[in-house]
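Reading through the C-alpha coordinates given below for one structure.
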(Lines of atoms letter the chains of each structure in order from A and count residues from 1; the text may use other names and numbers.)
(Lines give C-alpha, C1' and ligand atoms only; values in the text may rest on other atoms or scores of the structure.)
Protein backbone atom coordinates (compact mmCIF):
# COMPACT_ATOMS: atom_id res chain seq x y z
CA UNK A 1 0.00 0.00 0.00
CA UNK A 2 2.83 2.36 0.95
CA UNK A 3 4.62 1.69 -2.37
CA UNK A 4 1.46 2.38 -4.40
CA UNK A 5 0.99 5.73 -2.66
CA UNK A 6 4.66 6.63 -3.18
CA UNK A 7 4.45 5.79 -6.92
CA UNK A 8 1.35 7.99 -7.18
CA UNK A 9 3.17 10.83 -5.40
CA UNK A 10 6.17 10.52 -7.78
CA UNK A 11 3.88 10.71 -10.84
CA UNK A 12 2.13 13.75 -9.39
CA UNK A 13 5.51 15.37 -8.63
CA UNK A 14 6.48 15.09 -12.32
CA UNK A 15 3.18 16.77 -13.22
CA UNK A 16 3.90 19.54 -10.70
CA UNK A 17 7.38 20.11 -12.20
CA UNK A 18 5.87 20.45 -15.70
CA UNK A 19 3.37 22.96 -14.24
CA UNK A 20 6.26 24.86 -12.64
CA UNK A 21 8.09 25.13 -15.99
CA UNK A 22 4.92 26.35 -17.73
CA UNK A 23 4.36 28.88 -14.95
CA UNK A 24 7.91 30.22 -15.25
CA UNK A 25 7.52 30.49 -19.03
CA UNK A 26 4.26 32.43 -18.69
CA UNK A 27 5.70 34.71 -15.99
CA UNK A 28 8.90 35.60 -17.86
CA UNK A 29 7.81 35.46 -21.56
CA UNK A 30 3.98 35.52 -21.44
CA UNK A 31 3.11 36.30 -25.07
CA UNK A 32 5.84 34.26 -26.74
CA UNK A 33 5.36 31.27 -24.43
CA UNK A 34 1.55 31.19 -24.80
CA UNK A 35 1.81 31.47 -28.59
CA UNK A 36 4.45 28.71 -28.71
CA UNK A 37 2.28 26.45 -26.55
CA UNK A 38 -0.68 27.04 -28.90
CA UNK A 39 1.46 26.11 -31.92
CA UNK A 40 2.87 22.99 -30.25
CA UNK A 41 -0.55 21.80 -29.03
CA UNK A 42 -2.06 22.55 -32.45
CA UNK A 43 0.68 20.57 -34.23
CA UNK A 44 0.27 17.65 -31.79
CA UNK A 45 -3.51 17.66 -32.28
CA UNK A 46 -3.10 17.60 -36.08
CA UNK A 47 -0.51 14.79 -35.84
CA UNK A 48 -2.83 12.69 -33.65
CA UNK A 49 -5.73 13.51 -35.99
CA UNK A 50 -3.84 12.28 -39.06
CA UNK A 51 -2.77 9.16 -37.16
CA UNK A 52 -6.39 8.41 -36.15
CA UNK A 53 -7.74 8.99 -39.65
CA UNK A 54 -5.03 6.81 -41.25
CA UNK A 55 -5.74 4.11 -38.65
CA UNK A 56 -9.44 4.20 -39.57
CA UNK A 57 -8.70 4.04 -43.31
CA UNK A 58 -6.47 0.97 -42.83
CA UNK A 59 -8.91 -0.90 -40.58
CA UNK A 60 -12.42 0.62 -40.64
CA UNK A 61 -13.74 -1.36 -37.68
CA UNK A 62 -15.46 1.49 -35.83
CA UNK A 63 -16.17 5.10 -36.77
CA UNK A 64 -14.79 6.46 -33.46
CA UNK A 65 -11.15 6.90 -34.65
CA UNK A 66 -12.34 8.81 -37.72
CA UNK A 67 -14.62 11.11 -35.70
CA UNK A 68 -11.92 11.58 -33.07
CA UNK A 69 -9.41 12.42 -35.81
CA UNK A 70 -11.71 15.00 -37.41
CA UNK A 71 -12.36 16.71 -34.05
CA UNK A 72 -8.63 16.77 -33.22
CA UNK A 73 -7.82 18.16 -36.67
CA UNK A 74 -10.29 21.02 -36.18
CA UNK A 75 -8.90 21.73 -32.69
CA UNK A 76 -5.35 21.79 -34.11
CA UNK A 77 -6.30 24.22 -36.89
CA UNK A 78 -8.10 26.51 -34.39
CA UNK A 79 -5.11 26.49 -31.99
CA UNK A 80 -2.71 27.47 -34.79
CA UNK A 81 -4.92 29.87 -36.77
CA UNK A 82 -6.67 31.62 -33.87
CA UNK A 83 -3.95 31.51 -31.21
CA UNK A 84 -4.65 35.13 -30.11
CA UNK A 85 -8.30 34.32 -29.36
CA UNK A 86 -7.28 31.10 -27.60
CA UNK A 87 -4.78 33.04 -25.47
CA UNK A 88 -7.47 35.57 -24.53
CA UNK A 89 -9.69 32.82 -23.04
CA UNK A 90 -6.74 31.02 -21.43
CA UNK A 91 -7.21 32.71 -18.02
CA UNK A 92 -10.73 31.25 -17.75
CA UNK A 93 -9.49 27.74 -18.60
CA UNK A 94 -6.58 27.96 -16.16
CA UNK A 95 -8.91 29.37 -13.50
CA UNK A 96 -11.23 26.38 -13.89
CA UNK A 97 -8.21 24.03 -13.69
CA UNK A 98 -6.96 25.73 -10.50
CA UNK A 99 -10.42 25.55 -8.89
CA UNK A 100 -10.58 21.80 -9.63
CA UNK A 101 -6.97 21.32 -8.46
CA UNK A 102 -7.59 23.32 -5.27
CA UNK A 103 -10.75 21.37 -4.42
CA UNK A 104 -9.04 18.01 -5.09
CA UNK A 105 -6.02 19.01 -2.96
CA UNK A 106 -8.34 20.14 -0.17
CA UNK A 107 -10.29 16.86 -0.29
CA UNK A 108 -7.07 14.85 -0.41
CA UNK A 109 -5.65 16.77 2.58
CA UNK A 110 -8.86 16.17 4.55
CA UNK A 111 -8.73 12.46 3.65
CA UNK A 112 -5.11 12.23 4.82
CA UNK A 113 -6.02 14.02 8.04
CA UNK A 114 -8.88 11.59 8.63
CA UNK A 115 -6.71 8.56 7.81
CA UNK A 116 -3.51 9.51 9.59
CA UNK A 117 -4.52 12.23 12.07
CA UNK A 118 -2.15 14.97 13.13
CA UNK A 119 -1.93 18.61 12.13
CA UNK A 120 -2.48 18.98 8.38
CA UNK A 121 -3.00 22.77 8.34
CA UNK A 122 0.27 23.18 6.45
CA UNK A 123 -1.34 21.24 3.59
CA UNK A 124 -4.91 22.54 3.84
CA UNK A 125 -3.99 26.25 3.84
CA UNK A 126 -2.01 26.13 0.53
CA UNK A 127 -4.88 24.16 -1.08
CA UNK A 128 -7.25 26.98 -0.06
CA UNK A 129 -4.88 29.56 -1.58
CA UNK A 130 -4.79 27.59 -4.87
CA UNK A 131 -8.59 27.51 -4.84
CA UNK A 132 -8.69 31.28 -4.25
CA UNK A 133 -6.32 31.89 -7.22
CA UNK A 134 -8.63 29.81 -9.41
CA UNK A 135 -11.78 31.61 -8.28
CA UNK A 136 -10.17 35.00 -9.03
CA UNK A 137 -9.22 33.90 -12.57
CA UNK A 138 -12.71 32.47 -13.18
CA UNK A 139 -14.46 35.63 -11.94
CA UNK A 140 -12.12 38.12 -13.70
CA UNK A 141 -10.68 36.33 -16.76
CA UNK A 142 -10.62 39.19 -19.27
CA UNK A 143 -8.12 41.75 -17.98
CA UNK A 144 -5.02 42.80 -19.92
CA UNK A 145 -3.90 39.62 -21.67
CA UNK A 146 -0.18 39.95 -20.84
CA UNK A 147 -0.96 40.81 -17.21
CA UNK A 148 -3.37 37.88 -16.90
CA UNK A 149 -0.82 35.52 -18.48
CA UNK A 150 1.72 36.63 -15.86
CA UNK A 151 -0.90 36.12 -13.12
CA UNK A 152 -1.53 32.63 -14.53
CA UNK A 153 2.23 31.99 -14.52
CA UNK A 154 2.49 33.08 -10.87
CA UNK A 155 -0.55 30.98 -9.95
CA UNK A 156 0.88 27.89 -11.68
CA UNK A 157 4.27 28.39 -9.99
CA UNK A 158 2.57 28.67 -6.60
CA UNK A 159 0.30 25.69 -7.29
CA UNK A 160 3.27 23.56 -8.43
CA UNK A 161 5.36 24.55 -5.40
CA UNK A 162 2.42 23.84 -3.09
CA UNK A 163 1.89 20.43 -4.72
CA UNK A 164 5.60 19.55 -4.43
CA UNK A 165 5.61 20.60 -0.76
CA UNK A 166 2.40 18.64 -0.17
CA UNK A 167 3.75 15.49 -1.84
CA UNK A 168 7.02 15.74 0.09
CA UNK A 169 5.16 16.19 3.37
CA UNK A 170 2.84 13.25 2.70
CA UNK A 171 5.77 11.09 1.55
CA UNK A 172 7.69 11.81 4.78
CA UNK A 173 4.57 11.11 6.84
CA UNK A 174 4.03 7.78 5.06
CA UNK A 175 7.72 6.84 5.54
CA UNK A 176 7.28 7.27 9.29
CA UNK A 177 4.43 4.75 9.39
CA UNK A 178 5.41 1.21 10.34
CA UNK A 179 3.33 -1.74 9.02
CA UNK A 180 1.93 -4.09 11.69
CA UNK A 181 -0.23 -7.02 10.49
CA UNK A 182 -1.18 -5.31 7.22
CA UNK A 183 -2.04 -1.94 8.79
CA UNK A 184 0.08 1.08 9.66
CA UNK A 185 0.94 2.62 12.99
CA UNK A 186 2.75 5.83 13.84
CA UNK A 187 6.04 5.14 15.68
CA UNK A 188 5.45 8.30 17.75
CA UNK A 189 2.27 6.73 19.13
CA UNK A 190 3.21 5.73 22.73
CA UNK A 191 0.37 3.31 23.44
CA UNK A 192 1.07 1.26 20.27
CA UNK A 193 -2.51 1.53 18.97
CA UNK A 194 -3.04 0.90 15.27
CA UNK A 195 -4.33 3.79 13.10
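Numbering (my numbering), first residue to last: 13 to 207.
All residues carry an ideal CB built from backbone N, CA and C; glycine is no exception.
| query | result |
| --- | --- |
| Same chain, Cβ closer than 7 Å to residue 25, neighbours up to 5 away in sequence not counted | 176 and 179 |
| Beta-carbon separation (whole angstroms), residue 181 vs residue 135, contact threshold 8 Å | 6 Å |
| Short Cβ contact (9 Å threshold) for residue 109 with residue 146 | yes |
| Segment contact flag, the segment 52-66 with the segment 81-88, C-beta cutoff 8 Å, min 3 pairs | yes |
| Coarse secondary structure for residue 152, derived from DSSP in three states | coil |
| Status (buried if at least 16 other CB within 10 Å, exposed otherwise) for residue 151 | exposed |
| Inter-residue Cα distance where the pair is residue 185 and residue 15 | 13 Å |
| Option nearest residue 104 by Cα separation, candidates 149, 77, 93 and 121 | 149 |
| Pair within 9 Å by beta-carbon distance, residue 84 and residue 172 | no |
| Buried/exposed call for residue 45, threshold 16 Cβ in 10 Å | buried |
| Given residue 82 as reference, the closest of 123, 101, 158 and 60 once Cα atoms are compared | 60 |
| Per-residue burial, residue 93 [other beta carbons within 10 Å of its own, 16 or more giving buried] | exposed |
| Backbone CA spacing between residue 70 and residue 79 [nearest angstrom] | 15 Å |
| Distance between beta carbons of residue 48 and residue 100, contact taken as under 8 Å | Rounded, the Cβ-Cβ distance is 16 Å, inconsistent with contact. |
| Between the CA atoms of residue 64 and residue 76 - distance to the nearest angstrom | 9 Å |
| Uninterrupted alpha helix (DSSP H) stretches inside the segment 24-86 (no shorter than 4 residues) | 42-70 |
| Option in 139, 111, 96 and 98 with minimal Cα separation from residue 117 | 139 |
| Residue 37 beta carbon less than 9 Å from that of residue 167 | no |
| Where residue 98 falls, given that 16 or more other Cβ within 10 Å makes a residue buried | buried |
| Outcome for residue 121 when other beta-carbon atoms lying within 10 angstroms are tallied against a minimum of 16 | buried |
| Which listed residue (107, 113, 153 and 124) has its alpha carbon closest to that of residue 28 | 113 |
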